[in-house]
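Visitor:
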Amino acid sequence: MTAPIKPAEGYAFAYLDEQTKRMIRRAILKAVAIPGHQVPFAARDMPMPYGWGTGGIQVTAAILGPADVLKVIDQGADDTTNAVSIRAFFQKTAGVAVTTRTSEATVVQTRHRIPEKPLVAGQTLVYQVPIPEPLRFLEPRETETRVMHALADYGLMHVKLYEDIATHGHIAKTYAYPVKVEGRYVMDPSPIPKFDNPKMHMSPALQLFGAGREKRIYALPPFTRVASLDFEDHPFERTRFEAPCALCGATDAYLDEVVIDDRGGRMFVCSDTDHCETRRQEGHRGALLGDIPEEARS
Amino acid sequence: MTAPLLEARGLTKWYGDRLGCRDVAFDIHEGEVLAIVGESGSGKSTLLSLLSGQLAPTSGSVAYRMRDGAIRDLVSLSEAERRFLFRTDWGFVHQDAAKGLRMGVSAGGNVGERLMAVGARHYGDIRAKAEDWLERVEIEVGRIDEKPTAYSGGMRQRLQIARNLVTAPRLVFMDEPTGGLDVSVQARLLDLLRRLVADMGLAVIVVTHDLAVARLLSDRIMVMRRGRVIEAGLTDRVLDDPREAYTQLLVSSILQP
Amino acid sequence: MYVSVKGGEKAIRAAHRLLAHRRRGDRAVPEVAADQIREQLTLAVDRVMNEGSLYDRDLAALAIKQARGDLIEAAFLVRAYRTTLPRFGCSTPLDTAAMSVDRRISATYKDLPGGQILGPTFDYTHRLIDFALMADSETPLPEREREPGPAAASAMPRVTDLLGDEGLIEAEPAAADGAEPGDLTRAPLRVPAARDLRLQQLARGDEGFLLALGYSTQRGYGSTHPFAGEIRIGEVEVEFEVPELGFVVPLGSVALSECQMINQFAGSAEIEPTFTRGYGLAFGQVERKVMAMALVDRALRTEELGGEATHPAQDQEFVLSHADNVQATGFVEHLKLPHYVDFQAELALVRQLRREHTAARAARDAQSDDVYEEAAQ
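Chains as they are written, first to last, in this note's numbering: chain A, 1 to 298; chain B, 1001 to 1257; chain C, 2001 to 2377.
Have a look at this one:
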């Protein structure tokens, strides 16, 4: 963990002015009150481009306090460029303590993953969302999708899943897999792999979703029922991996494919870098590391 | 005798100062087929839109007896109730099948959509029902995964019918269901429709400019001209013994069967 | 005061003199030189080279100066000059796998042979105005870990080739033997157009238009489920086969941006599913443009891949006929040319229609009364 520092002069705490934060907090409160429902909010132009997490950044800026400890991940890793950039932004503008340890963080901002380590009560997970509307690719018009949500008219969503099974033999959706929240709203969980979907269900943590370009916030309060859409005879299935992580040997984690040469060489390693490091520190060894402790190599 | 399924009274529609239709009144009971005939511009399409709640009348009312027996004025239905009616108790067969089908979705998905909209969540059951309906409308079951774009005009129309009938509606609206099809294809479609209507005891309101379609399908007929019903009665009576000069003109201009 | 718009020769001369004066701006400020534009506004130069369809940095820089920074106007100047140049032929296909890479990133693999190279990018800069640039300042030289130079293709294989080796992406459609790609600056564009011509039109098309179209596909108007498989920017050798000599001579190198989008599957019960391709390539560092181009290229292939073209970005005719901003600006701006004669005719017509409408309405009111009477009987 990196201790708090003095925030940059000339900017409000966490960049946004207090009025903007209040506006975002009101949207968050409404979103929490109606789980899975998309609440419009007046997203601001941020000093990062649209589509790079401006929604998540605004939500984080609105909920962050000086005592918070922030973790930022992109694709599960703390060291990917965009995560580094956003973490540096909050260090600079809010001066908050930052960490790569999931267990130490009070706020985790994420793009495309949910950490492997189960979140606990008191933690908040902030998702960056590109397209908040789960029906968008079936019906491009906002006026129509709003009515569909209002009337819970979700037949079309299942037509899409039906078509997948008819064409591919199974539901061909591997990320941004739609869910139904508390039996009411169909929600896009942001492009997390469907492997992560079950982690949303009855999570003790608060989950907030921010879409900056599309100007929507939605939420899953702690202990919300979240069900992945499926058919009774084609139930939702979590992605499974054939091999364990090459570094830490984890068999229950989401793995990234790494190309090691141009002759078809591939290895699979944990996408959640904190999870992988923690396991290695605990003495777990994958095939590539063998039984030798890491320190003794090289 | 039970109350009518649908009861229209004083239906009038003005588009600004242009007349759509005026003072139309009739009843339709379960299992009854009503044909609305007239040339284009006579107001029959306006009337169909009013009856199916897609257009609000300038004055008049349409009362519908819901499945639970309650009688409701269509104007007072909420959007949710109207949509629910349209995917359960009603059907609408368009002249242009592309309007009534999802052209980018397979035949099976087209037939299954209504079932899924009302909560069916068993893929195998949905598919079995879709297969059953393809058979009933004489489409080869092997073509269930093809999109309607691969179908001929007649097949598309039969698929549209299957898509509408899969939830066993009580009332089906049809807008020139055989329009634009070859004569031989028309005959086969009419034959199929007649059989399905009889088997399922459907009430049908069919709009057509083709009196042969009216004779083959309908029990009763309404003749429209300039937005008003000028003659109505049992189909055989109206076509064999037309009273209005305009109806006589219409009847004499087609070949007798 | 009434001034009749006639005989504008004098007016035009005066206007052009004023234009030159405005271009020069405050004479107390030193005049910008074309080489400053070439070196310091490089991305504007790149854009003008693409939309002007001519690889010449000096000329593009000069055009930007002359056009007062209006990039479409600058592209227009370059195009007009290009028209005067002879066409020698077409180069042998460029090998982007052997690019001397300045920047190379993949969004589909975290790590891959050759690595991810960020290069000179705005990405991850915080968009805070840097007031230090107001003053003359020393910009530190970059740190280099390796010397740039042409890489062996095997050291940095293209991501699509890695996927292709496993058969996971559709094969690159092979060009007909010996067939030269078309050139729509020499032959009129006809739709449907083959992919070579489509790509050419997109490469010289308006960046903003492509951006909006590409964006529309991401928002559901013709989704292609894209992944940025690889973006690479750098220098590539251009080689030319001179028919008289019978062998290939190197002409030098051009700076290029290339984007390979990997899109969701094609396939059916019979055909094995594979990823599909969308391709973008243009001069200089124009990442936004080649990404948008790759999205639109894939969208334009919808029908060929068995989909239904229902959205603007999928509609060849719509996209290809509106992508060219020099054409577009000409036609939009032509509306300021005199249309007095046509307008006068319309004016007379609308007066006549209004008279007829009033008369018809009066007649209808009378008739409508008849209808009521009839109904009452």
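Positions of the beta carbon are idealized from the N, C-alpha and C atoms, including for glycine.
As the structure is a computational prediction, the values presented were derived from the model and not from experiment.
For A:Y15, report the span of its alpha helix (DSSP H) as first-last.
Guide: Element bounds for A:Y15: n/a, residue is neither H nor E.
Visitor: Taking the continuous alpha helix (DSSP H) assigned at A:M157, which residues delimit it?
Guide: Run containing A:M157: G155 to H168, per the alpha helix (DSSP H) assignment.
Visitor: From B:S1040 to C:T2108, what distance separates their C-alpha atoms?
Guide: B:S1040 and C:T2108: Cα-Cα distance of roughly 58 Å.
Visitor: Could you check if C:D2315 is buried or exposed, using at least 16 other CB atoms within 10 Å of its CB as the buried criterion?
Guide: C:D2315 should be labelled buried.
Visitor: Determine the closest residue to C:T2084 out of C:T2185, C:L2112 and C:A2179, with distance taken between C-alpha atoms.
Guide: If we check each option's Cα against that of C:T2084, C:T2185 comes out closest.
Visitor: Taking the DSSP output, what are the residues bridged to C:I2117?
Guide: C:R2104.
Visitor: With DSSP run on the structure shown, which of helix, strand or coil describes A:H234?
Guide: Strand, per DSSP.
Visitor: Which residues share a DSSP beta bridge with B:D1073?
Guide: DSSP output for B:D1073 lists B:A1063 as bridge partner(s).
Visitor: So, does the CB of C:R2232 fall closer than 8 Å to a CB anywhere in chain D?
Guide: The structure shown has no chain D; the protein chains it does contain are A, B and C.
Visitor: Enumerate in chain order the residues of its own chain whose CB-to-CB distance from B:R1127 is below 8 Å, with the five nearest sequence positions on each side excluded.
Guide: Counting only Cβ-Cβ distances below 8 Å, and skipping sequence neighbours, we find G1108, G1112 and I1144.
Visitor: Quick one: give me the first and last residue of the beta strand (DSSP E) that A:L220 is part of.
Guide: Looking at the DSSP string, the run of the beta strand (DSSP E) that includes A:L220 is R216 to L220.
Visitor: Curious, which full-length alpha helix (DSSP H) runs of at least 4 residues does the stretch 2002-2031 of chain C contain?
Guide: Fully enclosed alpha helix (DSSP H) runs of 4 or longer: 2009-2024.
Visitor: Taking the alpha-carbon of C:P2093 as reference, which of C:A2179, C:A2328, C:M2291 and C:E2143 has the nearest alpha-carbon?
Guide: Comparing Cα positions, the closest option is C:A2179.
Visitor: How many Å lie between C:L2062 and C:A2044 at the Cα?
Guide: Computed Cα separation, rounded: 11 Å.
Visitor: Using C-beta distances below 8 Å, list every residue in its chain close to C:E2239, excluding the 5 sequence neighbours before and after it, in chain order.
Guide: The residues are S2091, T2092, V2248, V2249, P2250 and L2251.
Visitor: If I follow the unbroken alpha helix (DSSP H) through C:F2318, where does it start and stop?
Guide: C:F2318 -> alpha helix (DSSP H) spans Q2316 to H2322.
Visitor: Give the interface partners of C:D2183 over in chain A, defined as CB-CB distance under 9 Å, in chain order.
Guide: Residues of chain A passing the Cβ test: none, with the nearest at roughly 34 Å.
Visitor: At which residue ranges does the stretch 37-88 of chain A contain complete alpha helix (DSSP H) runs of 4 or more residues, listed in the order of the chain?
Guide: Counting only runs of 4 or more, we get 54-63.
Visitor: Could you name the residues of chain C that A:F90 contacts, counting a contact when the two beta carbons are closer than 9 Å?
Guide: Those within 9 Å of A:F90 in chain C number zero; the least Cβ separation is about 11 Å.
Visitor: Just list the residues that DSSP pairs C:N2263 with in beta bridges.
Guide: Answer is C:T2276, bridged to C:N2263.
Visitor: Is it true that the CB of A:S103 sits closer than 8 Å to the CB of A:K92?
Guide: Cβ distance not < 8 Å, so A:K92 and A:S103 don't count as in contact.
Visitor: Just to confirm before moving on: does the CB-CB distance between C:A2319 and C:L2189 stay below 8 Å?
Guide: Checking the sequence shown, residue 2319 of chain C turns out to be Val, not Ala. Contact flag unset, no.
Visitor: Confirm, please, whether the CB-CB distance from A:P4 to A:A62 is below 8 Å.
Guide: Not in contact: A:A62 and A:P4 (Cβ atoms no closer than 8 Å).
Visitor: So is C:V2254 in contact with chain A if we call contact Cβ pairs under 8 Å?
Guide: Answer no: the Cβ-Cβ gap between C:V2254 and chain A never drops below 8 Å.
Visitor: Rounded to the nearest angstrom, what separates A:Y15 and A:G56 at their Cα positions?
Guide: Using only the alpha carbons, I get a separation of about 14 Å.
Visitor: Would you identify the three-state DSSP class for B:D1023, choosing helix, strand or coil?
Guide: Strand, per DSSP.
Visitor: Evaluate contact between the stretch 239-247 of chain A and the stretch 204-223 of chain A, counting only Cβ atoms and requiring at least three cross-stretch pairs below 8 Å.
Guide: Taking 8 Å as the limit for Cβ pairs, the verdict is that the stretch 204-223 of chain A does not touch the stretch 239-247 of chain A.
Visitor: Could you check which residue in C:R2277, C:A2299 and C:G2052 has the C-alpha nearest to that of C:P2164?
Guide: According to the sequence displayed, residue 2164 of chain C carries Gly and not Pro. For the residues C:R2277, C:A2299 and C:G2052, the minimum Cα distance to C:G2164 belongs to C:R2277.
Visitor: To the nearest angstrom, how far is it from the Cα of B:R1170 to the Cα of B:L1234?
Guide: Using only the alpha carbons, I get a separation of about 21 Å.
Visitor: Report the residues of the stretch 2282-2312 of chain C with a CB closer than 7 Å to any CB of chain A, ordered along the chain.
Guide: For the stretch 2282-2312 of chain C, which is checked against every Cβ of chain A, not one residue is closer than 7 Å.
Visitor: Just the C-alpha distance for C:R2394 and C:I2129, rounded to the nearest angstrom, thanks.
Guide: With chain C running from 2001 to 2377 in the structure shown, residue 2394 of chain C is simply not present.
Visitor: Select from the stretch 2352-2364 of chain C all residues with a C-beta closer than 7 Å to any C-beta belonging to chain B, and list them in chain order.
Guide: If the cut-off is 7 Å between Cβ atoms, the stretch 2352-2364 of chain C has R2364 near chain B.
Visitor: Write down every uninterrupted run of the beta strand (DSSP E) in the stretch 1008-1053 of chain B whose length is 3 residues or greater and which is fully enclosed by it, in chain order.
Guide: With a minimum length of 3 residues, the continuous beta strand (DSSP E) runs that stay inside the stretch 1008-1053 of chain B are 1018-1028 and 1033-1037.
Visitor: Based on the DSSP output, what are the partners of A:P193 in its beta bridges?
Guide: Note: A:P193 sits in a beta bridge opposite A:Y175.
Visitor: Here's the rule: buried if 16 or more other CB atoms are within 10 angstroms of the residue's CB, otherwise exposed. What is C:T2358?
Guide: By the 10 Å Cβ count, C:T2358 comes out exposed.
Visitor: Starting from C:D2161 and walking both ways along the alpha helix (DSSP H), at which residues does that stretch end?
Guide: V2159 to D2165 is the extent of the alpha helix (DSSP H) around C:D2161.
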